[in-house]
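Residue numbers (the working numbering): 1109 to 1659.
What follows is the structure, encoded as structure tokens:
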């Protein structure tokens, strides 16, 4: 079983990983080390005569060293003041949050400031204060924070241009015609809706980051760092920050597409659609669809830029009665063997029972099988508890490298259902309420939606997700509740167009998978056999499950 170290501070330890030592700091270390060597030579390895001969010189030497140590102690005290203020901690430091804290304090010692400023420039190499080998000064912090939160994408490594084929290419004419009736340009809204959203910002702080969003970003960064460090044994701080910065870039690009970026700054909380963690490739895919390919500066991303220059796969396919795109950045699991999962030590027994119950339901209703593994290697799902009031659960969509963490707070209603919802994300299932046909089924009250959570309502890219020909379902476990992102919690943000009084109550249910949830999983994963299929409609695992569909 993977044991996540109890690091308290998420991202904060790069200074101890050899990234931020200044020349002054190195000299101090040498001085202390030199004193230790002197002491050893005088009283450890020298002969008695040598010790006597050097005794007099020792007094003078110690006097000189005492002066040096006094200076070191003074500087150490200055550094300790910032350490005590929790501005520097362990691996995964979120520089922006550190800058935000520093902006209200006195300037820090130079040996504290310069390494962090240099790290900022490695993270945002295109920022004007980082040109020609420079770093921002302490007085520039307020402007730096404002720029990177709202326009950080311009200062990041360039968004690679992906060759994304037309998903309708090679598809039958009648299907193409039907599909194009539902084409909605990602992020685009009508001028009327834009006016309503801007009206909300007249009384709502649409440009400021709330304490809750900042806290969530810190928690997300910390937990991702801990998980990846435990799985890979490596410090992935730079890569993690880059992925989260790309996520924010997507959210800002959506606002720009909607002509809202001049009045709204997205919630910089590290997630997409409130509970989704995006991979670098998924963010790049969405940014290409939003017209941001090529934005940024010509430097390689962290990890030497593993991004491919073309979308994965080579052709669009017609799968059963629905469209399935092989170029889709949502990775599917290989079902030739059960999907491995493990349970983190942060979970208590009741938590584990909720998770096992969620997996059991998927197994009973689909062809997917899971297998508990104490110490998994390779792809697997790792469930862990995160004590946070800022979210119910977090997950990647589709199989992720090196593994799929699912973070559960167990602070929301029906934790079993939350675990089920997040597990379906890990299998590649998207939210119901952002389907490309959702406006035919629900009405959004934009006057009551928090504009900073616009990404939670932007219709999904049709090249990234497909409906699999399954009807819209108010009762889907993948639907958000009717009051999601509400400014006024007494009013719904989503109103069903069919039987609204009845269906309003079931939006966001977390009791069980609906029939459409089951159908989507089956169409995505379960391959029917011409004659022999399982009783659940999928490939049989045991002979006793077989039945002949021709009889």
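Even glycine gets a Cβ: it sits at the ideal position worked out from N, Cα and C.
Given that a residue counts as buried once 16 or more other Cβ atoms are within 10 Å of its Cβ, and exposed if not, what is residue 1365?
buried
Just tell me which of 1601, 1344, 1475 has its CA closest to the CA of residue 1535.
1475
In the DSSP assignment, find the unbroken beta strand (DSSP E) run with residue 1332 in it and report its ends.
Residue 1332 -> not in any beta strand (DSSP E); alpha helix (DSSP H) instead, spanning 1319 to 1340.
What is the DSSP secondary structure of residue 1451, reduced to helix, strand or coil?
strand
Just to confirm my understanding: we take residue 1168, look at its own chain, exclude 5 residues before and 5 after, and list those with CB closer than 7 Å. What are they?
Because the pLDDT of residue 1168 is 49, which lies under 50, any placement of that residue in the model is unreliable, and the number read from its coordinates should be weighed accordingly. The beta carbon of residue 1168 sits closer than 7 Å to no other beta carbon from its chain once the five residues preceding and following it are set aside.
Rounded C-beta distance between residue 1542 and residue 1501? I'm assuming under 8 Å.
Wrong, their Cβ atoms sit about 17 Å apart, outside the cutoff.
For the segment 1590 to 1609 against the segment 1545 to 1552, are there 3 or more C-beta pairs whose distance is under 8 Å?
For the pair of segments examined, the segment 1590 to 1609 was found to touch the segment 1545 to 1552: the number of CB pairs separated by less than 8 Å reaches three.
For residue 1479, name the three-state secondary structure that DSSP assigns.
DSSP places residue 1479 within a strand segment (E or B) once states are collapsed to three.
From this set, 1557, 1456, 1540, 1516, which residue's C-alpha is nearest residue 1568's C-alpha?
Across the set 1557, 1456, 1540, 1516, the C-alpha of 1540 shows the shortest separation from the C-alpha of residue 1568.
From the DSSP output, which residues share a beta bridge with residue 1504?
1385
So who's on the other strand from residue 1493, going by DSSP bridges?
Beta-bridge pairing by DSSP links residue 1493 to 1516.
Hey, how far is the Cα of residue 1327 from the Cα of residue 1469?
30 Å
Within this structure, are the beta carbons of residue 1356 and residue 1370 separated by less than 8 Å?
no
Ends of the beta strand (DSSP E) at residue 1552?
1550 to 1552
In terms of alpha-carbon separation, which member of 1609, 1577, 1580, 1555 lies closest to residue 1306?
1555
In whole angstroms, what separates the C-alpha of residue 1632 from that of residue 1579?
15 Å
Excluding the 5 residues flanking residue 1207 on each side, which residues of the same chain have their C-beta closer than 7 Å to its C-beta?
If the five residues before and after residue 1207 are omitted, its C-beta is found closer than 7 Å to the C-beta atoms of 1249, 1252, 1253, all from its own chain and listed in chain order.
Give the secondary structure of residue 1621 by DSSP, where H, G and I count as helix, E and B as strand, and everything else as coil.
If DSSP states are grouped into helix, strand and coil, residue 1621 belongs with coil.
Would residue 1598 be called buried (16 or more neighbouring beta carbons within 10 Å of its own) or exposed?
exposed
Taking contact to mean at least 3 C-beta pairs separated by less than 8 Å, is the segment 1483 to 1493 in contact with the segment 1445 to 1455?
yes
Taking 8 Å as the cut-off, decide whether the C-beta atoms of residue 1591 and residue 1611 are in contact.
Their beta carbons are not under 8 Å apart, which means residue 1591 does not touch residue 1611 by this criterion.
Report yes if the CB atom of residue 1503 is closer than 8 Å to the CB atom of residue 1405, and no otherwise.
no
Could you pull the DSSP bridge partners for residue 1405 from this structure?
1265
Tell me which residue opens and which closes the beta strand (DSSP E) that residue 1602 is part of.
In the DSSP annotation of this structure, the continuous segment of the beta strand (DSSP E) that includes residue 1602 starts and ends at 1602 to 1604.
For residue 1223, count the other beta carbons within 10 Å of its own beta carbon; 16 or more makes it buried, fewer makes it exposed. Which is it?
buried
Determine which residues share a DSSP beta bridge with residue 1585 and list them.
Paired residue(s): none; residue 1585 is not in a bridge.
Which stretch, first to last residue, makes up the alpha helix (DSSP H) that contains residue 1301?
Per DSSP, residue 1301 is one residue of the alpha helix (DSSP H) stretching across 1299 to 1308.
Return the CA-CA distance between residue 1627 and residue 1460, expressed in angstroms with no decimal places.
Roughly 27 Å separates the two Cα atoms.
At a cut of 8 Å, does the segment 1503 to 1519 reach the segment 1336 to 1343 through at least three beta carbon pairs?
yes
By Cβ distance, which residues of its chain are closer than 6 Å to residue 1557, with the 5 residues on each side in sequence left out?
1593, 1601
For residue 1402 and residue 1346, what's the separation of their Cα atoms in angstroms?
21 Å
So residue 1596 and residue 1616 are in contact, right, with Cβ under 8 Å, and what is the actual spacing, rounded?
Going by Cβ atoms, the distance from residue 1596 to residue 1616 rounds to 17 Å, so no, they are not a contact pair.
Per the DSSP calculation, residue 1380 is bridged to which residue(s)?
Residue pairing by DSSP places residue 1380 opposite 1384 in a beta bridge.
Shortest alpha-carbon distance to residue 1562 belongs to which of 1216, 1294, 1268?
1294
Can you tell me where the alpha helix (DSSP H) holding residue 1350 begins and where it ends?
1345 to 1365
Could you round the C-beta distance between residue 1270 and residue 1393 to whole angstroms and report it? I think they count as a contact, below 8 Å.
6 Å
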